[in-house]
Amino acid sequence: IKSLYATFLEGWLQMFGRANVLVLRTEDVFSKSKHTRIEALSKAIAHLSLDPPMDDVLHEMDAYAEHQGDYDVVQRSMHASGERGAAAMRSDVRAKLDAFFKPQKETLVAMFGDRTLLWEQPHDVVNEEGK
């Protein structure tokens with residue numbers, strides 16, 4: 167199953183070490199919130215030990231994918247509406263999936279120290295409320 171991230175990342179951590187692996191959520195990289203996208207981009211820049219760019223350059227880097235048309239495609243796939251949307255999932259199915267993935271998500275948090283990897287609430291809410 168592709169979504170067992172912790173299982174697959176263990177090998178990467180063993181091979182390259184924790185300091186050389188960065189995990190970013192797709193929801194953050196392609197968020198509707200510019201603040202969240204900039205934060206994800208800043209994490210990647212810091213992880214690569216690059217000097218932080220000036221704010222105008224950072225915002226230009228963030229806008230690049232939007233100008234190329236990729237941003238809209240990802241947004242549509244992530245925020246599918248109707249029967250394919252996550253909100254349309256039956257609550258009993260959601261509860262079973264949550265129970266199945268809970269240990270994996272907890273392992274990810276232990277591996278990377280990032281509570282957003284629990285996917286308990288949208289990352290935008292976590293950032294904007296400071297929780």
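Per the working numbering, the sequence shown starts with residue 167, numbered consecutively.
Glycine is no exception: its CB is placed at the ideal position from the N, C-alpha and C atoms.
Please return the same chain residues whose Cβ sits closer than 7 angstroms to the Cβ of L274, not counting the five positions on each side in sequence. Within the sequence shown, numbered from 1, the residue matching residue 274 stands at position 108. The answer, listed in chain order, is Y171, A172, L283.
Distance between beta carbons of A206 and D139, contact taken as under 8 angstroms: For residue 139 there is no data in the structure shown, the boundaries of the chain being 167 and 297.
Roughly how many angstroms separate the alpha carbons of T202 and L224, rounded to a whole number? By 1-based counting over the sequence shown, the position of residue 202 is 36. By 1-based counting over the sequence shown, the position of residue 224 is 58. Taking the straight line from one Cα to the other gives about 13 angstroms.
For V187, three-class secondary structure by DSSP: Locating residue 187 in the sequence shown gives position 21, counting from the first residue. Three-state result, V187: coil.
Can you list, in chain order, the residues of its chain with a C-beta nearer than 8 angstroms to that of Q270? Leave out the 5 residues immediately preceding and following it. The residue you call residue 270 lines up with position 104 of the sequence shown. Result list for Q270: S169, L170, Y171, A172, T173, in chain order.
Can you tell me which of K198, K209, S197 puts its alpha carbon nearest to the alpha carbon of D280? Numbered from 1 along the sequence shown, position 114 holds the residue referred to as residue 280. For D280, the nearest C-alpha among the options comes from K209.
Would a C-beta distance cut-off of 8 angstroms place L188 and M277 closer than the cut-off? On the sequence shown, residue 188 is found 22 positions in, with the first residue counted as 1. On the sequence shown, residue 277 is found 111 positions in, with the first residue counted as 1. For L188 and M277, no; Cβs fall outside 8 angstroms.
Give the secondary structure of E153 by DSSP, where H, G and I count as helix, E and B as strand, and everything else as coil. The structure shown does not extend to residue 153, since the chain spans only 167 to 297, so no value can be given for it.
Return yes when the Cβ of K200 is within less than 8 angstroms of the Cβ of D228, no when it is not. The residue you call residue 228 lines up with position 62 of the sequence shown. The residue you call residue 200 lines up with position 34 of the sequence shown. For D228 and K200, yes; Cβs fall inside 8 angstroms.
Leaving out five residues before and five after S179 in sequence, what residues of the same chain have Cβ atoms less than 8 angstroms from its Cβ? Here residue 179 corresponds to residue number 13 of the sequence shown, with the count starting at 1. Here residue 179 is Leu; the residue named in the question, Ser, does not match the sequence. If we look at L179 and ignore the five residues flanking it on each side, its Cβ neighbours are V187, M277.
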